[in-house]
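Residue numbers (my numbering): -6 to 547. The beta carbon of each residue, even a glycine, is placed where N, CA and C say it ideally should be. Take a look at the structure below.
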């Protein structure tokens, strides 16, 4: 536990809560709502006195009383005492809790697991909390991938207490490669989010011999079904979707990725599926933990030629996980003391901001960033606080610094960069804005073409709005040239959207120039599929022109 998360000090003293004093405090049957408010005030006071470890512990105690008071008022006193005595556990839980979580169900799962096996809960509390934040909402039909139907793979989790018991039993039998105690709550989320059935996991535990150093073998152990790919039968059609069946009959990349991820989980290794589309088509591969705080994201990544833009779903929110979330998982930096220190100051910055103390919010945001620059929320609060204070210069400087801080994380870089570009344009600094846009297009064109193309489209749409046909043609040629190595993607990601934008503006004649530049730049003679696509587009444009001409002649 970092210094920023030192043990909680009792409300009236500076003595830290331990199991005994926490139990005594809870035994007095305190009013949780009043405790939440009281510990929040104490946290603010301690923070003002620069007693940051104590402020952190008091704040998370306040969160605990607020959460359990509202969503689990009948929680066992022993459970409350256990959690209150461990501010590190409270910090992990409340830092992980998402606005997307169904909090009543999260609370119920925690209580149910405790009631089913309190002693094991005490040994593996983060396993219990991971199950609670994952199992509170049902997974979508597209998870873990969309090429197997509900008939073969029901997307339904067991009861939380049953899942906890299953994982605990697997550990007791020595079937897992990693101990729950060594993993973070974020890592455990990707372990317990398993789509395979308990029987399937048991088969994998008994039948698959692997160790932590050769997890990658799982992907290639499923024979590739080239006949199915050639026939374009992308959805699973086998007898069932058990891991044993997949390994025996073979499959395509989605099945290989699913097998590798689920077999790894069965052996106690957190894992998930990546999917991505690139110049050569669609591909799926696997990510798995090599050891706590260290992940391999490329298992099967290069089996199918050159693919880009891997995406996965966060099993807690069922939304696409951001680059930043994934990198924090791979590098484990969220578990470090500096990042925890950042989180503390960020929480207080948000408290000050909501209270209208924008100077205080800015001061805390700067403290957070000084501790660790890798929290986007800290930068967001810094920018917004400066704006609320009417300090445009400081807000601009914060945006510029944020873009630099998140150079490795394209999603967040793009978010702050768009704001900075808008700020530059508002000040008539168009050349600087265009330079900032072009630089991220070049930077992300291979690894994140979706981001690169969104900036390219924004540049071109700006030229369309300006009504300068020559400038549009020049910009289009320059930007299309950046993506000419991925011609089909460039055509669908830039050409078609820009043609639609021109048509929406009624600039049908300018589409001729766009098509001419497209054929010249993308060298269509080498790609029959691209030629067919562009021919289809030109036929559609010709039909639109003909309809327009008939309307004008009426």
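Sequence-distant Cβ neighbours of residue 509 in its own chain, meaning closer than 8 Å and more than five residues away, do not exist here. DSSP, reduced to helix, strand and coil, places residue 152 outside both helices and strands of the structure shown, so it counts as coil. If you draw a straight line from the Cα of residue 429 to the Cα of residue 397, it is about 11 Å long. Between the beta-carbon of residue 72 and that of residue 107 there is about 5 Å, and that keeps the pair under the 8 Å contact cut. When DSSP assignments are scanned along the segment 369 to 443, the uninterrupted stretches of alpha helix (DSSP H) that are 4 or more residues long and fall wholly within it turn out to be 369 to 381, 385 to 398, 403 to 419 and 423 to 437. Taking 9 Å as the cut-off, the Cβ atoms of residue 161 and residue 85 do not count as close. Contact between residue 173 and residue 227 is absent: CB atoms are separated by about 36 Å, not below the 8 Å threshold. Counting C-beta pairs with one atom in each stretch, the segment 271 to 291 and the segment 175 to 185 have three or more that are closer than 8 Å, which means they touch. Beta-bridge partners assigned by DSSP to residue 287: 284. Distance between residue 345 and residue 40, taken at the CA atoms: about 11 Å. DSSP, read as helix, strand or coil, puts residue 217 in strand. Ranked by how close their Cα comes to the Cα of residue 378, the residues 356, 369 and 18 have 356 in first place. Counting only runs of 4 or more residues that sit fully inside the segment 161 to 207, the alpha helix (DSSP H) segments are 178 to 185 and 191 to 200, in chain order.
In the three-state reduction of the DSSP assignment, residue 268 falls in the strand class. Remark: C-beta atoms of residue 259 and residue 195 approach each other more closely than 9 Å. Counting other Cβ atoms within 10 Å of its Cβ, residue 12 stays below 16 and is therefore classed as exposed. Taking C-beta separations shorter than 8 Å and ignoring five residues to either side along the sequence, the partners of residue 491 in its chain run 450, 453, 454, 457, 469 and 507, following chain order. Remark: C-beta atoms of residue 257 and residue 281 approach each other more closely than 9 Å. Of the other Cβ atoms in all chains shown, 16 or more fall within 10 Å of the Cβ of residue 511; this residue is therefore buried. Residue pairing by DSSP places residue 292 opposite 279 in a beta bridge. Residue 74 carries a helical assignment under DSSP once its states are collapsed to helix, strand and coil.
By the C-beta density criterion, residue 371 is buried, having at least 16 other C-beta atoms within 10 angstroms. If you draw a 10 Å sphere on the C-beta of residue 307, you find 16 or more other C-beta atoms in it, and that means buried. Taking C-alpha positions only, residue 444 is separated from residue 266 by approximately 21 Å. In the structure shown, the three-state DSSP call for residue 231 is coil.
Boundaries of the alpha helix (DSSP H) harbouring residue 40: 25 to 41, taken from the DSSP string. Apart from sequence neighbours up to five positions away, the residues of its chain that approach residue 503 with a beta-carbon distance below 6 Å are 462 and 495, ordered along the chain. Sequence-distant partners of residue 316 (beyond 5 residues in either direction) whose C-beta falls short of 6 Å from its own C-beta, in its chain, are 402, 403 and 404.
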